[in-house]
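Reading through the C-alpha cells given below for one structure.
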Amino acid sequence: MRLGRASALSDTGRRRLQNEDAFVCDPPLFAVADGMGGARAGEIASRLATAALEERAQGLQGADAVADLVREANARIYQHALDDPAAAGMGTTVTAVLVDEAEGAMSIAHVGDSRAYRLRGGELEQLTADHSLVAELLREGRLTEEEAKQHPHRSVITRALGTDAEVQVDTLRVDARPGDCYLLCSDGLTSMIRDGEILRVAAAAAGDPERMAAALVAAANRAGGEDNVTVIVFEIVEDEEPEAEAEATVAIAPDETGEPAAREDSERQPRSSVRRHGAGPGGRWLALAGVLGALAAAIALLWWGLGG
Ligand code: CA
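FYI, my numbering numbers position 281 of the sequence shown as 388, with every residue one higher than the one before it.
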C-alpha cells in the first residue's frame, strides 16, 4: 500500500471570530490541533503544537516516536504559558497520524477530543477515544448517546497539551489497506454532524479526499458552524509497479478522454504509466509522444513479424 491523495481544510465556522484550530498535512504525517484559552492563547497553543510536529516530521517512525513528539510539543506549550501570563492555562488537543507505507500501518498519538476515523468497506470507525467529560461518562454508562449530544459540558476535555508539565498520550497502531480512507477532525465537525452524516457525505464524495473535506466543512457550517472546523482526509491506495517497469512503458498514453490511446497495448502495461502520463500540464505532449511511440512499436513488431 501507499498514501494516495490527501486534502486538509480548516474553517472558522459561523460563530467564532478566530480560528484556533491548526493542522499538519505533511505526508506521511498528519495532525489536527484544537486550541483553547483566553484572548488568542488557543491559537498560540495549537500552532505551537503543529510547529513542533512539523519540525521533526522527517524520518519519523512508529507510534512511540510520534508520542515523543507530542510530549515535546506539550513541554513547549507549557513553557510558553509559564513565560507569558496572558497565555496562562492555554492548551490544545492533538491527534497525529503517521503513515508507515513499508509496514502497511498507521501510528497514532492522541490527546483530547479531536478524532481519527477510518472509512473501510462503507463503514466508519472511530479509532481514537475522546478525552472528554461526556466520553468518560458514556464509557462508564452514566450517560446515553442522546444525553451526551445535548450535554452542557460536552466541550469540556479531560486531557490537553500544554496545561501541565507532563501529559499522558494515547498511542495506537492500526493496519492500513488499499481502499481505506482516513479522516482527522476537530470537534467542530463532530459536535455539528453525526457519524451517519459523515458517512453519507463520504459516500457522496466517491472517495475524492478534496471533495470530501470540502463537503464535511460545508455540512458542519450548514448545521450551525458553532465552532472552528478542521478536517484532513487521505486515502491509502495500491502500491505502484516498481519504477523500472514503469519506465519501460513508452508506448502508452491517455488521449483527450484520459483513456489509453493504444488500447491493445495498454492491457500489457502497468496502470501506473497511464496515471503518470495523464498528470500535469505536459499531458498533451506526452500523449503525442506516446502515440508516436505506439506507432513505432507497432511497426517494429510488424517488421519483426514479417522478417522472422
Ligand atoms: Ca473546538
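The C-beta atom is built at its ideal place from N, Cα and C for all residues, glycine as well.
All of these numbers come straight from a predicted model, not from anything done at the bench.
Please list the terminal residues of the continuous alpha helix (DSSP H) segment that includes residue i.
i: H187; result: 170-190
i: T157; result: 148-162
i: L240; result: 240-246
Sorry if obvious, but does the Cβ on residue i come closer than 7 Å to a heavy atom of ligand 1?
i: N126; result: no
i: D334; result: yes
i: S293; result: yes
i: D118; result: no
i: D141; result: yes
To which residues of the same chain is residue i closer than 8 Å at the C-beta, ignoring the five residues directly before and after it?
i: W411; result: none
i: E252; result: L245
According to DSSP, residue i sits in a beta bridge with which residue or residues?
i: V344; result: R109
i: T278; result: A216
i: D133; result: L136
Tell me which same chain residues have a C-beta within less than 6 Å of the C-beta of residue i, skipping the five on either side of it?
i: A267; result: G198, G219
i: H258; result: V241
i: E208; result: R109
i: V357; result: Unreliable placement is indicated for V357, whose pLDDT of 39 sits below 50; the coordinate value is still reported in the next sentence. Excluding sequence neighbours, V357 sits near G400.
i: L290; result: Y224, V340
i: D279; result: Correcting the residue identity first, residue 279 is Leu in this sequence and not Asp. If we look at L279 and ignore the five residues flanking it on each side, its Cβ neighbours are I215.
If residue i sits next to residue j, beta carbons under 8 Å apart, how far is it from one beta carbon to the other, in whole angstroms?
i: Q417; j: R249; result: As shown, the chain starts at 108 and ends at 415. That puts residue 417 outside it, with no answer to give.
i: G295; j: D334; result: 4 Å
i: V204; j: F137; result: 5 Å
i: T337; j: S293; result: 4 Å
i: A140; j: A320; result: That pair is no contact at about 17 Å.
i: I215; j: T235; result: 7 Å
i: A174; j: V276; result: 4 Å
Got a sec? Which residues, its chain only, sit under 7 Å from residue i by beta carbon, not counting five neighbours each side?
i: A405; result: none
i: A283; result: M108, V206, G211, A212, M213, I343
i: R318; result: A312
In the DSSP assignment, the beta strand (DSSP E) including residue i goes from what residue to what residue?
i: G295; result: Counting along the chain, G295 falls outside any beta strand (DSSP E), though it belongs to the alpha helix (DSSP H) covering 294-297.
i: E232; result: 230-233
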